[in-house]
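Shown next, in structure tokens, is the structure this report addresses.
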Amino acid sequence: MLDHPAPKGFLSRYVFSLDHKVIGIQYIVGAIVMGLVAAYLALLIRTQLAWSGAIQQPEDYLAIVTMHGTLMVFFVVSPLLSGLGNYLIPLHIGARDMAYPLLNMLSFWIYVLASVIMLASFLMPGGAAAGGWTAYPPLSGSESFLPGSGWGQTLWILGMALFITSFTMGGLNFLTTILNMRTKGMTLFRMPLTVWGFLVATVLALLAFPPLTAAALMLLFDRHGGTSFFMVDAVINDQLIAMGDGTPLLFQHLFWFLGHPEVYVIVLPCICLLFEVLAAFTRRPAFGYRPSIYALLCVGLLSMIVWGHHMFVTGMNPWVGKYFSIATVIITAPFAVIGVNLVASVWRARLRLATPMLFALATISAIGFGGVGGLFLGTMTSDIYFHDTYFVVGHFHLMIGTVTMLSIMAAIYFWFPKMFGKMMSEKLGKLHFWLTAPSMMAVFILMHMQGLGGMVRRTYDTSVYTYNEGANSSLTTPITILAMIAVGAQAIFLWNFFYSAFKGQPSGRNPWEASTLEWEAPSPPPHGNFGDELPIVHRGPYEYSPEGVDQDVLPQAAPDPDVASTDTEIPE
Amino acid sequence: MSTTGIAAPVRAQNRRVLVAALVATVVMLFTAFAAAYLEHQGAARAANKWSPVALPGVVWINTAILAFSSVLAEVFRQSRRRGLLWGAMGLGLVFLGGQVFAWLELRRSGVYLPTNSYASFFYILTIVHAAHIALALVALATAARRPRIASLCVGFWHFLGVVWIYVLFILKGL
Ligand code: HEM
Ligand SMILES: [Cu+2]
Chain R
67 MLDHPAPKGF LSRYVFSLDH KVIGIQYIVG AIVMGLVAAY LALLIRTQLA
117 WSGAIQQPED YLAIVTMHGT LMVFFVVSPL LSGLGNYLIP LHIGARDMAY
167 PLLNMLSFWI YVLASVIMLA SFLMPGGAAA GGWTAYPPLS GSESFLPGSG
217 WGQTLWILGM ALFITSFTMG GLNFLTTILN MRTKGMTLFR MPLTVWGFLV
267 ATVLALLAFP PLTAAALMLL FDRHGGTSFF MVDAVINDQL IAMGDGTPLL
317 FQHLFWFLGH PEVYVIVLPC ICLLFEVLAA FTRRPAFGYR PSIYALLCVG
367 LLSMIVWGHH MFVTGMNPWV GKYFSIATVI ITAPFAVIGV NLVASVWRAR
417 LRLATPMLFA LATISAIGFG GVGGLFLGTM TSDIYFHDTY FVVGHFHLMI
467 GTVTMLSIMA AIYFWFPKMF GKMMSEKLGK LHFWLTAPSM MAVFILMHMQ
517 GLGGMVRRTY DTSVYTYNEG ANSSLTTPIT ILAMIAVGAQ AIFLWNFFYS
567 AFKGQPSGRN PWEASTLEWE APSPPPHGNF GDELPIVHRG PYEYSPEGVD
617 QDVLPQAAPD PDVASTDTEI PE
Chain S
6 MSTTGIAAPV RAQNRRVLVA ALVATVVMLF TAFAAAYLEH QGAARAANKW
56 SPVALPGVVW INTAILAFSS VLAEVFRQSR RRGLLWGAMG LGLVFLGGQV
106 FAWLELRRSG VYLPTNSYAS FFYILTIVHA AHIALALVAL ATAARRPRIA
156 SLCVGFWHFL GVVWIYVLFI LKGL
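Chain order of the listed sequences is R and S. Be aware that the first sequence starts at 67, since it is given in the working numbering, and climbs by one per residue. Be aware that the second sequence starts at 6, since it is given in the working numbering, and climbs by one per residue.
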């Protein structure tokens with residue numbers, strides 16, 4: 067039951083494909099390309115900091131940091147998840163494709179266009195946008211403040227607008243597909259947690275991006291229409307620059323109303339997919355399936371009302387800050403439920419330490435370290451000290467950099483056999499893991515130490531400011547070396563990925579003996595995913611080592627064994 | 006493998022979810038503008054600088070036109086007489102023309118986009134709303150040929166009418 071016939075030519079098969087699997091892989095490859103750019107920028111940042119013989123001018127440094135952050139969040143991690151979601155959701159829920167294949171294809175190509183425009187920011191007179199990935203006005207509002215705030219910033223805004231369009235289109239597809247296209251027997255509470263993660267993330271994205279769109283539009287008007295929604299008069303080099311009497315704080319509210327939920331948009335699917343990997347490599351059900359879902363829903367809801375914890379030191383009313391502080395501490399409770407369930411899923415289990423499992427385990431520890439740092443930043447009193455130090459940089463890299471990257475790696479190693487019908491090399495996978503995970507964690511944990519010492523972020527040469535003296539600055543060079551190892555190790559991954567896609571060992575249908583629907587399909591699944599008949603779901607997603615049955619696993623689609631399991635009826 | 010496509014009831018359900026989600030995003034967009042407006046109004050009032058400008062009279066005529074267009078669209082939805090749909094769309098175009106007239110009118114009286122923050126909000130809110138109306142007109146045009154999506158398109162058209170009232174409420178009532 068598929069709208070579009072199987073494609074014939076090269077173009078319709080691999081380039082303008084309507085097939086969710088091809089689009090998923092396109093997203094992943096596109097994001098890998100952008101990831102190379104963004105990682106290169108990260109190394110430029112780190113070399114500048116470690117051997118700061120004034121290689122970069124301060125404006126260049128700020129542009130590099132800004133573009134690194136923007137690319138990583140919106141053009142690497144988000145599209146990686148768009149790719150995984152595209153690939154996995156229909157297979158996971160037993161659908162033949164997304165609800166709207168054409169919309170799906172358009173959203174990918176708009177992402178490509180957005181990427182090109184965003185990168186073109188570097189080519190503009192004055193250089194790329196440099197006002198930070200947060201693009202706070204007035205800094206981002208006028209060239210008189212920063213050369214990058216000229217055309218570079220305009221292209222940044224246009225690139226972001228296109229990205230938002232693409233992501234919203236993708237989100238509409240995810241939502242309709244998950245809600246309506248499930249196969250027979252796939253009730254909401256039999257969906258794999260990965261799909262739940264994508265569902266909550268999608269709803270958050272659809273609700274949180276429009277205010278950023280509003281803010282971007284107003285910023286555009288401020289820059290090119292002479293309005294002053296956000297702009298204020300400023301004094302630069304003893305000169306008064308008249309900009310009007312807007313309210314810069316307003317932009318921060320609108321930005322973080324998106325910015326905080328966006329963190330959850332990328333982190334929640336990453337955390338949820340861990341359950342899948344853990345279950346398969348412990349041969350036990352994921353611990354606390356329903357509690358995890360309820361916790362997920364609470365986290366999603368609460369994440370919309372905590373954004374002000376990014377703004378404690380902006381001069382916002384302290385009582386408002388107090389509210390945001392309390393709300394932030396409350397959100398750690400459901401989050402901790404998920405964390406405990408993750409740990410309980412591996413507690414005393416017999417682990418099969420294949421590469422995906424190694425990455426999954428490392429992700430759990432990154433969640434732990436990142437979570438602890440978050441407590442200090444969510445508490446207003448300590449954040450006043452930590453704000454704008456490397457403590458913040460270390461913290462958010464653990465959460466939205468390390469957690470996401472390690473978890474996505476787990477996912478790619480786990481689902482690669484499904485995508486290409488080939489295995490990735492285990493040897494290279496393990497080597498990649500041991501070079502990546504420890505060094506990445508070390509980089510960002512050490513950044514916390516510098517932050518504790520008061521090292522200030524977004525500073526092109528920390529040694530020119532005396533207040534950075536004693537801020538554990540002797541760690542700067544080791545951090546840079548570790549970062550080089552972490553980034554360099556990705557060469558092994560790239561080789562493994564592309565080589566195995568063509569030359570890997572054949573994987574067969576279900577190499578991990580996993581239970582969910584995608585493993586019922588051949589590897590790689592044909593056009594339309596499943597054969598003539600869609601699979602019918604008989605039970606929840608993680609029936610590993612089921613009781614009373616002489617079987618290692620009861621796949622979701624397997625008919626009931628002789629001994630009845632408790633959950634057998636097929637609801638309509 | 007059969008290629009009959011996604012089953013009709015699933016399709017209908019997909020469309021409903023799609024439109025509901027679109028409505029939610031538009032609501033969030035205009036809520037953000039309303040919040041921004043309130044913030045500006047508060048700050049400007051505290052500094053004794055809040056100076057709303059009189060809206061051009063044509064705005065009220067436009068409101069009536071949009072309301073009438075919604076009525077025609079609704080009767081179309083129930084009777085499926087295409088002429089009514091063309092009528093509703095024609096009125097939608099007249100509304101857009103009326104909005105352009107309102108902007109020119111303001112310009113003539115010396116109120117430009119940057120004049121003051123009330124004017125800025127007037128322009129940005131009406132421009133964003135007009136952009137949505139323009140896109141919805143395209144959707145309505147497709148509804149003429151595809152009766153199954155007609156109801157949803159008309160529903161969205163009504164929704165944009167409500168958003169217009171909301172815009173007026175922000176500008177006159179807050
Ligand atoms: C090994 C990999 C990485 C290294 C070495 C690295 C390094 C850095 C450094 C040193 C900064 C701060 C520079 C400064 O404040 O002066 C920074 C900023 C940032 N990074 Fe990374 N990063 C890496 C990966 C990532 C990833 C995966 C993400 C994904 C979300 C990310 C997102 C950001 C963001 C959002 C900023 C803030 C930009 C701003 O201040 O406007 N980074 N990175
Ligand atoms: Cu936050």
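Ideal Cβ positions, reconstructed from N, Cα and C, are used throughout, including at glycine. Small disclaimer: the values here were computed from a predicted structure and weren't measured.
Taking 8 Å as the cut-off, is the C-beta of M100 of chain R nearer than that to any heavy atom in ligand 1?
On the first sequence, position 34 is the one that residue 100 of chain R refers to. Every heavy atom of ligand 1 is 8 Å or more from the Cβ of M100 of chain R, so no.
What three-state label does DSSP hand L60 of chain S in the structure shown?
Residue numbering aside, residue 60 of chain S sits at position 55 when the second sequence is read from its first letter. Coil at L60 of chain S, not helix or strand.
Does ligand 1 have even one heavy atom less than 8 Å from the beta-carbon of Y608 of chain R?
Walking along the first sequence from the start, residue 608 of chain R turns up at place 542. No.
State the start and end residues of the unbroken alpha helix (DSSP H) segment that holds V88 of chain R.
Locating residue 88 of chain R in the first sequence gives position 22, counting from the first residue. 86-116 is the extent of the alpha helix (DSSP H) around V88 of chain R.
Which residues of the stretch 314-329 of chain R have a Cβ closer than 7 Å to any Cβ of chain A? Give them in chain order.
Within the model displayed, chain A is absent; protein chains R and S are what it includes.
For L23 of chain S, would you say it is in contact with chain R, using Cβ-to-Cβ distances shorter than 9 Å as the test?
In the second sequence, residue 23 of chain S corresponds to position 18, counting from 1. Judged by the 9 Å Cβ criterion, L23 of chain S is in contact with chain R.
When you compare only the Cα positions, how much space is there between S7 of chain S and E110 of chain S?
For this step, residue 7 of chain S is matched to residue 2 along the second sequence. For this step, residue 110 of chain S is matched to residue 105 along the second sequence. Because S7 of chain S sits at a pLDDT of 39, beneath the cut-off of 50, its placement in the model cannot be relied upon, and the following sentence gives the value as read from the coordinates. Cα to Cα, S7 of chain S sits roughly 59 Å from E110 of chain S.
Would you say F38 of chain S faces chain R, with C-beta separation under 9 Å as the test?
For this step, residue 38 of chain S is matched to residue 33 along the second sequence. Yes - at least one Cβ of chain R is within 9 Å of the one on F38 of chain S.
How many Å lie between A40 of chain S and G594 of chain R at the Cα?
If you number the second sequence from 1, residue 40 of chain S lands on position 35. If you number the first sequence from 1, residue 594 of chain R lands on position 528. Rounded to the nearest angstrom, the two C-alpha atoms are 46 Å apart.
Just to confirm, is the Cβ distance from Y610 of chain R to A346 of chain R under 9 Å?
In the first sequence, residue 610 of chain R corresponds to position 544, counting from 1. In the first sequence, residue 346 of chain R corresponds to position 280, counting from 1. Cβ atoms of Y610 of chain R and A346 of chain R: closer than 9 Å.
Among the candidates S:V133, S:G10, S:A139, whose CA atom is the shortest distance from the CA of A280 of chain R?
For this step, residue 280 of chain R is matched to residue 214 along the first sequence. Taking only the C-alpha atoms, the option nearest A280 of chain R is S:V133.
From R:A432, R:V365, R:F76, R:E342, pick the residue whose C-alpha is nearest to that of P504 of chain R; which is it?
One-based indexing of the first sequence puts residue 504 of chain R at position 438. Comparing Cα-Cα distances from P504 of chain R to each of R:A432, R:V365, R:F76, R:E342, the minimum goes to R:A432.
Measure from the C-beta of N246 of chain R to each C-beta in chain S and report whether the shortest distance is under 9 Å.
On the first sequence, position 180 is the one that residue 246 of chain R refers to. Chain S contact via Cβ: present.
Taking only beta-carbon positions, decide if D311 of chain R is within less than 9 Å of chain S.
Walking along the first sequence from the start, residue 311 of chain R turns up at place 245. It does: the Cβ of D311 of chain R has a partner Cβ on chain S nearer than 9 Å.
List the residues of chain R that P119 of chain S touches, going by C-beta distances under 8 Å, in chain order.
The count along the second sequence starts at 1 and reaches residue 119 of chain S at position 114. G291, G292, T293, S294, G310, listed in chain order.
In chain order, what residues of the stretch 359-382 of chain R put their CB closer than 8 Å to some CB of chain S?
So the list is empty, because no residue satisfies the distance condition.
From the beta carbon of M284 of chain R, is the nearest beta carbon of chain S less than 9 Å away?
Mapped onto the first sequence, residue 284 of chain R falls at position 218. Closer than 9 Å: yes.
Rank R:W585, R:L541, R:T582, R:H498 by C-alpha distance to the C-alpha of N562 of chain R and give the top, closest one.
Within the first sequence, residue 562 of chain R is the residue found at index 496, counting from 1. Checking every option, the nearest Cα to that of N562 of chain R belongs to R:H498.
Along the chain, where does the beta strand (DSSP E) that runs through M309 of chain R open and close?
Numbered from 1 along the first sequence, position 243 holds the residue referred to as residue 309 of chain R. Note, M309 of chain R: beta strand (DSSP E), 305-311.
Quick check on V301 of chain R: does DSSP put it in helix, strand or coil?
Numbered from 1 along the first sequence, position 235 holds the residue referred to as residue 301 of chain R. It is a strand residue.
Enumerate in chain order the residues of its own chain whose CB-to-CB distance from F321 of chain R is below 8 Å, with the five nearest sequence positions on each side excluded.
By one-based count along the first sequence, residue 321 of chain R stands at place 255. For F321 of chain R, where only same-chain residues beyond five positions count, the Cβ hits under 8 Å are T200, A201, Y202, L278, A281.
Would you mind reading off the limits of the alpha helix (DSSP H) that contains W262 of chain R?
By one-based count along the first sequence, residue 262 of chain R stands at place 196. It spans 259-290 - the alpha helix (DSSP H) in which W262 of chain R sits, taken as one unbroken run.
At what residues does the alpha helix (DSSP H) containing N239 of chain R begin and finish?
Numbered from 1 along the first sequence, position 173 holds the residue referred to as residue 239 of chain R. Its alpha helix (DSSP H) spans residues 217-246.
For T8 of chain S, decide whether its Cβ has a neighbour in chain R, counting only Cβ atoms nearer than 9 Å.
Within the second sequence, the letter at position 3 stands for residue 8 of chain S. Confidence is the limiting factor: at T8 of chain S the pLDDT is only 41, short of 50, which leaves the residue's position unreliable, though a coordinate-based value still follows. T8 of chain S counts as touching chain R.
Does the distance from the C-beta atom of I89 of chain R to that of G149 of chain R stay below 9 Å?
Within the first sequence, numbered from 1, the residue matching residue 89 of chain R stands at position 23. Within the first sequence, numbered from 1, the residue matching residue 149 of chain R stands at position 83. Taking 9 Å as the Cβ cut-off, I89 of chain R and G149 of chain R qualify as a contacting pair.
Can you list, in chain order, the residues of its chain with a C-beta nearer than 7 Å to that of Y42 of chain S? Leave out the 5 residues immediately preceding and following it.
Position 37 of the second sequence, counted from the start, is the residue given in the question as residue 42 of chain S. F126, I175, L179, listed in sequence order.
In the DSSP output, which residue or residues are listed as bridge partners for K488 of chain R?
Locating residue 488 of chain R in the first sequence gives position 422, where the first residue counts as 1. K488 of chain R pairs with R:P572.
Residues in its own chain within less than 8 Å of I332 of chain R by CB, not counting five upstream and five downstream?
Against the first sequence, residue 332 of chain R aligns to sequence position 266. Contacts found: V139, V143, S144, L147, A267, I466, T470.
Counting C-beta neighbours from all protein chains within 10 Å, is the total for E638 of chain R 16 or more, i.e. buried, or is it exposed?
Stepping through the first sequence from its first residue, residue 638 of chain R is reached at position 572. Only weak support exists for where E638 of chain R lies, its pLDDT of 48 falling under 50; the value from the coordinates is given anyway. So E638 of chain R ends up on the exposed side.
According to DSSP, is T455 of chain R part of a helix, a strand, or is it coil?
In the first sequence, residue 455 of chain R corresponds to position 389, counting from 1. Strand, per DSSP.
Would you say G237 of chain R reaches chain S, if we count a Cβ-Cβ gap shorter than 9 Å as a contact?
Here the question's residue 237 of chain R lines up with position 171 in the first sequence. Interface residue, yes.
Alpha carbon to alpha carbon, how far is A78 of chain S from Y166 of chain R?
Mapped onto the second sequence, residue 78 of chain S falls at position 73. Mapped onto the first sequence, residue 166 of chain R falls at position 100. Using only the alpha carbons, I get a separation of about 27 Å.
Give a single yes or no on whether V365 of chain R has its beta carbon closer than 8 Å to a heavy atom of ligand 2.
By 1-based counting over the first sequence, the position of residue 365 of chain R is 299. The answer is no for V365 of chain R.
Which residues share a DSSP beta bridge with V522 of chain R?
As a working note, residue 522 of chain R is residue 456 in the first sequence. For V522 of chain R, which the question treats as bridged, DSSP gives the partners R:T455.
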